[in-house]
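**Student:** Take this structure, written in structure tokens, and hold onto it; I'll ask about it next.
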Amino acid sequence: MPAPRPKTEAPATTPPPSSTPRRVGIVSLGCAKNLVDAEIMLGSLLKHGIEVTNDPAEADALIVNTCSFIDAAQEESVDAILESAAERDARNPAQAVIVSGCMPQRFREELPKLLPEVDAFMGIDQVAQVGDIVGQAIASRAGKMGSPTPAKGRARAVKGQVAAMETAAGAADDASASLRGTERHNRTRTVVTPPKGPLVEVAVRPSYIPQHDTPRFRLTPRHFAYVKIAEGCNHPCSFCTIPRMRGSHRSRAQSDVVSEVRRLVSEGVREINLISQDSTYYGLDLREGHSRAIASPERFKAATQALPADATTLCTLLRELDAIPGDFWVRLLYTHPAHWTDELIATIASCRKVARYVDMPLQHIEDTMLQRMRRETTGGYIRELVGRIRAGIPGIALRTTFIVGFPGETEQKFKVLTDFIREARFERLGVFAYSQEEGTVAGRMEAQVPLKSRQRRRERAMAAQHEVAVEVAQSFVGRELKVLVEGQASAEALRKARVLSWEHGLIRGTDSGLGELKGTYWVARGEADAPDIDGRVYIRGKVAPGEFARVRVVGHTDYDLVAEPS
Numbered sequence: 029m030p031a032p033r034p035k036t037e038a039p040a041t042t043p044p045p046s047s048t049p050r051r052v053g054i055v056s057l058g059c060a061k062n063l064v065d066a067e068i069m070l071g072s073l074l075k076h077g078i079e080v081t082n083d084p085a086e087a088d089a090l091i092v093n094t095c096s097f098i099d100a101a102q103e104e105s106v107d108a109i110l111e112s113a114a115e116r117d118a119r120n121p122a123q124a125v126i127v128s129g130c131m132p133q134r135f136r137e138e139l140p141k142l143l144p145e146v147d148a149f150m151g152i153d154q155v156a157q158v159g160d161i162v163g164q165a166i167a168s169r170a171g172k173m174g175s176p177t178p179a180k181g182r183a184r185a186v187k188g189q190v191a192a193m194e195t196a197a198g199a200a201d202d203a204s205a206s207l208r209g210t211e212r213h214n215r216t217r218t219v220v221t222p223p224k225g226p227l228v229e230v231a232v233r234p235s236y237i238p239q240h241d242t243p244r245f246r247l248t249p250r251h252f253a254y255v256k257i258a259e260g261c262n263h264p265c266s267f268c269t270i271p272r273m274r275g276s277h278r279s280r281a282q283s284d285v286v287s288e289v290r291r292l293v294s295e296g297v298r299e300i301n302l303i304s305q306d307s308t309y310y311g312l313d314l315r316e317g318h319s320r321a322i323a324s325p326e327r328f329k330a331a332t333q334a335l336p337a338d339a340t341t342l343c344t345l346l347r348e349l350d351a352i353p354g355d356f357w358v359r360l361l362y363t364h365p366a367h368w369t370d371e372l373i374a375t376i377a378s379c380r381k382v383a384r385y386v387d388m389p390l391q392h393i394e395d396t397m398l399q400r401m402r403r404e405t406t407g408g409y410i411r412e413l414v415g416r417i418r419a420g421i422p423g424i425a426l427r428t429t430f431i432v433g434f435p436g437e438t439e440q441k442f443k444v445l446t447d448f449i450r451e452a453r454f455e456r457l458g459v460f461a462y463s464q465e466e467g468t469v470a471g472r473m474e475a476q477v478p479l480k481s482r483q484r485r486r487e488r489a490m491a492a493q494h495e496v497a498v499e500v501a502q503s504f505v506g507r508e509l510k511v512l513v514e515g516q517a518s519a520e521a522l523r524k525a526r527v528l529s530w531e532h533g534l535i536r537g538t539d540s541g542l543g544e545l546k547g548t549y550w551v552a553r554g555e556a557d558a559p560d561i562d563g564r565v566y567i568r569g570k571v572a573p574g575e576f577a578r579v580r581v582v583g584h585t586d587y588d589l590v591a592e593p594s
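Following this line, the structure appears as structure tokens:
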């Protein structure tokens, strides 16, 4: 059990009825999992009687919910923090700036010294305590009024110092026997800074996971929502720091997930997006006497076969969600190739409400690269799995991501990957140029690929996928589809359409075909299109936003479809 968090005296955060309610704004960066954390923070704030505002200038406190997934995302987070502090100093000096999410989770001891303009730092476990933290941060800010302001133009220096902190953090981790099972990473405590310094509330090893009755203010449109089914990760991927930041995998109870989905469907949600770090591992940590060391396909298969008949798994969850009354989709995101089973394939095929869509990051196909990445799969296993999924789930759309320019990747190994891209014909595919994260095993590997070579390989891999994407889009012309309508898009919005995600890689570049669409269109998504990261269906005609519609595909661009109501 985690050690209890030390108690601190804090002012009440619910103002007396006669006072003006405090107002808080939030900037949330990064993935859908981070977005859910932001929604929980907003829900907690509202429960405390605190108002939420979209105007940072009028906020009593501004929260920057950070991402630390790769260097570029981390740099974006630093920019957002410093820009928010500069705006505060110029317009509202009494405003408290609070930093939450993955950066303070990773650098809980270093950030308070590096960013003195910040009034409070909070970790992943503290999202439901944000009301109290806001109150303390505002009080702390009042005590700093008149203190010297850090010099402007510090972004470049701060980013360099963060990179140095990653190197030190990685070295410290190497000194431990393992990232899992050590006292350093399994003990929970709160870092307390000096009285005049910022408040720092960060659990060393996160254990929090939301429940269905956790207050939450959704930031997504009314018609779709993200549902976090688990938190944390047990995989040892050599390029990733997520287990250090998010902790070990921990699943929510199935009944709790089902209760949340029932409520969302009753509120008019038409698409449920299931998210976690590894959705295919869902439920395995709930079994009696479980071991976390079952990441490989062989160990995972043996563990699932040994489960009792009434055990919770992703399959049991999908079947129960499929039985909920209503017209909605269930979309499965973040699956791991090592944890697919024949039962899961059969379950998806038999569940009418589960979208014919699979998000399964593969990262590479060449055996040596998979070994260096510690992906616990082989190229032969992946090819066989892709074949089984396509055969077992007719009409399935497969999305994946690959990393190019990983340490040790030669031109020949890269060619194996591009040949596979053309061979596998993924409906949706994103590509990362490898980001050298100094706090990871891969960041310290020899045979690092030069940055320009990584970037050129990303462009070449996307060029290979572009050929596939055009053919896939062409194959839809003349077909009827069920789509979920998002809203209207002008011709200007179509010309600017681009998809880029820190988690899902470069999805597309410029889509020349979009410039040919004149006038106003409705934007929709089919089963093959997850929110924000995949293709779109542009509809010319009368449809209802936030609802399903039947359309006939009459054309396509490089990546998207053009349709009319059928």
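The sequence shown begins at 29 in this note's numbering and counts up by one.
Don't be surprised by glycine CBs; every beta carbon is placed ideally from N, CA and C.
Which residues does DSSP list as the beta-bridge partners of M150?
**Tutor:** For M150, which the question treats as bridged, DSSP gives the partners E229.
**Student:** Note down, one range per segment and in chain order, each alpha helix (DSSP H) of at least 4 residues found wholly within the segment 400-455.
**Tutor:** List check, alpha helix (DSSP H) in window: 407-420, 439-452.
**Student:** Return the Cβ separation of V128 and N93 in integer angstroms, given the expectation that the two are a contact with Cβ distance under 8 Å.
**Tutor:** For clarity, residue 128 is Ser in the given sequence; the question names Val instead. About 5 Å; that satisfies the 8 Å criterion.
**Student:** Taking the C-alpha atoms as reference points, what is the distance between L247 and T585?
**Tutor:** The straight-line gap from Cα to Cα measures roughly 30 Å.
**Student:** Tell me the rounded alpha-carbon separation between C130 and G151.
**Tutor:** About 7 Å.
**Student:** What residue does the alpha helix (DSSP H) around T344 start on, and which one ends it?
**Tutor:** It spans 342-350 - the alpha helix (DSSP H) in which T344 sits, taken as one unbroken run.
**Student:** Would you tell me roughly how many angstroms separate the C-alpha atoms of Q133 and R274, rounded to the nearest one?
**Tutor:** Cα-Cα distance, rounded: 8 Å.
**Student:** Alpha carbons only, please: which of T396, Q154, T438 is nearest the one belonging to I237?
**Tutor:** The candidate whose alpha carbon is nearest that of I237 is Q154.
**Student:** Measure the alpha-carbon distance for R568 versus P593 and round it to whole angstroms.
**Tutor:** Looking at the two C-alpha atoms, the distance is approximately 8 Å.
**Student:** Determine the DSSP secondary structure at V581, reduced to helix, strand or coil.
**Tutor:** Of the three classes helix, strand and coil, the one that applies to V581 here is strand, per DSSP.
**Student:** Indicate whether A383 and V432 have their beta-carbon atoms separated by less than 8 Å.
**Tutor:** No. Outside cutoff.
**Student:** For the segment 164-178 and the segment 282-301, state whether three or more C-beta atom pairs, one from each stretch, are separated by less than 8 Å.
**Tutor:** They do not touch, by the three-pair rule.
**Student:** Under the rule that 16 or more other beta-carbon atoms within 10 Å means buried, what is S276, buried or exposed?
**Tutor:** Buried.
**Student:** Any idea which residues DSSP pairs K510 with across the strands?
**Tutor:** DSSP output for K510 lists R578 as bridge partner(s).
**Student:** Within 10 angstroms of the Cβ of Q102, are there 16 or more other Cβ atoms? Answer buried if so, exposed if not.
**Tutor:** By the neighbour-count rule (16 or more Cβ atoms within 10 Å), Q102 is buried.
**Student:** Any contact of the segment 387-398 with the segment 340-351, i.e. 3+ C-beta pairs under 8 Å?
**Tutor:** No, the segment 387-398 is not in contact with the segment 340-351.
**Student:** Excluding the five sequence neighbours on either side, which residues of its own chain have a C-beta within less than 6 Å of the C-beta of D284, listed in chain order?
**Tutor:** Answer for D284: Q239, H240, listed in chain order.
**Student:** How would you call E508, buried or exposed, if buried means at least 16 neighbouring beta carbons within 10 angstroms?
**Tutor:** With fewer than 16 other Cβ atoms within 10 Å, it is exposed.
**Student:** Would you call G547 buried or exposed, if buried means 16 or more other Cβ atoms sit within 10 Å of its Cβ?
**Tutor:** Exposed, by the Cβ-count rule.
**Student:** If you draw a straight line from the C-alpha of E86 to the C-alpha of E115, how long is it?
**Tutor:** Cα to Cα, E86 sits roughly 11 Å from E115.
**Student:** When you compare only the Cα positions, how much space is there between F267 and V579?
**Tutor:** Whole-angstrom Cα-Cα distance: 42 Å.
**Student:** Quick one, which of E520, A192, A108, Y549 has its alpha-carbon nearest E514's?
**Tutor:** Considering only alpha carbons, the answer is Y549.
**Student:** Let me make sure I understand the geometry here. Which of V186, A331, R136, Q164 has the alpha-carbon closest to that of P234?
**Tutor:** With distances taken between Cα atoms, P234 lies closest to R136.
**Student:** How would you write the range of the alpha helix (DSSP H) that F328 sits in, first residue to last?
**Tutor:** 325-333 is the extent of the alpha helix (DSSP H) around F328.
**Student:** Should the segment 490-502 be regarded as contacting the segment 449-459, the criterion being three or more beta carbon pairs within less than 8 Å?
**Tutor:** Yes, they touch.
**Student:** To the nearest angstrom, report how far apart F356 and C379 are at their CA atoms.
**Tutor:** Between F356 and C379, the C-alpha separation is close to 12 Å.
**Student:** What does the alpha-carbon distance come out to for the pair E138 and G408?
**Tutor:** Going from the Cα of E138 to the Cα of G408 covers about 44 Å.
**Student:** What's the call for T341, buried or exposed, on a 16-neighbour Cβ count within 10 Å?
**Tutor:** By the 10 Å Cβ count, T341 comes out buried.
**Student:** Would you decide whether P325 is buried or exposed? Buried here means 16 or more other CB atoms lie within 10 Å of its CB.
**Tutor:** Classification of P325: buried, given that the 10 Å Cβ count is 16 or more.
**Student:** Here's the rule: buried if 16 or more other CB atoms are within 10 angstroms of the residue's CB, otherwise exposed. What is V590?
**Tutor:** It counts as buried.
**Student:** Can you name, in chain order, every residue of its own chain whose Cβ lies under 6 Å from the Cβ of D65, other than the five neighbours on each side?
**Tutor:** Counting only Cβ-Cβ distances below 6 Å, and skipping sequence neighbours, we find V155.
**Student:** Among A124, E487, I68, which residue has its Cα nearest to the Cα of P84?
**Tutor:** That would be A124, whose Cα lies nearest to the Cα of P84.
**Student:** Between the Cα of R51 and those of D107, V162, I68, spot the shortest distance and give me the residue it belongs to.
**Tutor:** Checking every option, the nearest Cα to that of R51 belongs to V162.
**Student:** Candidates V228, C265, Q391, R484: which alpha carbon is nearest V158's?
**Tutor:** It is V228 whose Cα lies nearest to the Cα of V158.
**Student:** Among L302, A366, A492, whose alpha-carbon lies nearest the alpha-carbon of V444?
**Tutor:** Considering only alpha carbons, the answer is A492.
**Student:** Would you kindly check if the distance between the Cβ of S287 and the Cβ of K256 is under 8 Å?
**Tutor:** No.
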